[in-house]
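Here's the structure we're looking at; comments come further down.
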Amino acid sequence: MLSGLRELLALAHDLGAANVRVFPGGGDRDPAEADASAAARLGDAAPYATELGVRLLLETHDSHRTGADAARVIGPVGHGSVGAIWDVMHPWLGGEDPATSYAALSPYLGYVQVKDIASAEDTTPLALGAGVLPLTECVELLSREGWDGWLCWEYEKRWYPQAQELPPLLAPGRDHLLRLLADAA
Numbered sequence: 023m024l025s026g027l028r029e030l031l032a033l034a035h036d037l038g039a040a041n042v043r044v045f046p047g048g049g050d051r052d053p054a055e056a057d058a059s060a061a062a063r064l065g066d067a068a069p070y071a072t073e074l075g076v077r078l079l080l081e082t083h084d085s086h087r088t089g090a091d092a093a094r095v096i097g098p099v100g101h102g103s104v105g106a107i108w109d110v111m112h113p114w115l116g117g118e119d120p121a122t123s124y125a126a127l128s129p130y131l132g133y134v135q136v137k138d139i140a141s142a143e144d145t146t147p148l149a150l151g152a153g154v155l156p157l158t159e160c161v162e163l164l165s166r167e168g169w170d171g172w173l174c175w176e177y178e179k180r181w182y183p184q185a186q187e188l189p190p191l192l193a194p195g196r197d198h199l200l201r202l203l204a205d206a207a
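Residue numbers (this note's numbering): 23 to 207.
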């Protein structure tokens, strides 16, 4: 695992990328064991990430879908080269409200990943603003807290062939995010 992370970090460095996204991968293991394993892996890779000027960002996803779950891994690592990606869908699906997610992730936050879906049962990607995710609340919260990092739109057409094609959604998606940011200012 460590050699794979090192290769990704080296590639990110060579490409001039600031971050490498990683997933917790806890699977069906005992949560404490999964936390310890993920933290140990990230801790082992963190010095190399620092050397290369790249940050490892653990995404709220899979077995660690909420901000609280991700913070249980990142906190014990205690290294500036290890942070978080707040994928707004996964904590919401895990029953965590945006304020709680932000509070848990803010010390580590690398960027925020936005998207929209029809419902908890149907996670097919939709145009931004066309679904149920609390994007307005998230952007308002980020603005209120003075966070000025990246918002990244993740559109997973690859895993949802029935989803609309992305190109016609790009300009309206950008406009939607700009409206949310302007309204939050």
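For every residue, glycine included, the Cβ atom is placed at its ideal position computed from N, Cα and C. No experiment lies behind these values; they were computed from the predicted model shown.
Pick helix, strand or coil for V262, following the three-state DSSP scheme. One cannot answer for residue 262 here, as it falls past the ends of the chain, which runs 23 to 207.
From the DSSP output, read off the bridge partner residues of V134. W108 and L173
Are there 16 or more other CB atoms within 10 angstroms of the CB of Q135, so buried, or fewer, so exposed? buried
Answer yes or no: do T158 and Y182 have a C-beta to C-beta separation smaller than 9 Å? no
Identity of the residue in A207, A149 and A185 nearest H198 by Cα: A149
Can you give the Cα-Cα distance for H35 and P113, rounded to whole angstroms? 30 Å
Closest to R77 by CA distance: which of A56, V161, A152 and V44 is it? Per the Cα distances, V44.
Classify V44 as helix, strand or coil using the three-state DSSP reduction. strand
Between A60 and P46, which are expected to be in contact by the criterion C-beta below 8 Å, what is the C-beta distance as a whole number of angstroms? 5 Å
Specify the secondary structure class of H101 as computed by DSSP and reduced to three states. coil
Integer-rounded CB distance, given that T88 should sit under 8 Å from G11: This structure does not reach residue 11, given that the chain is present from 23 up to 207, and the question cannot be answered.
Quick one: measure Cβ to Cβ for L203 and V161, integer angstroms, because I've assumed they're closer than 8 Å. 6 Å
Where the alpha helix (DSSP H) containing E73 begins and where it ends: P53 to L74
Would you tell me roughly how many angstroms separate the C-alpha atoms of D109 and E81, rounded to the nearest one? 7 Å
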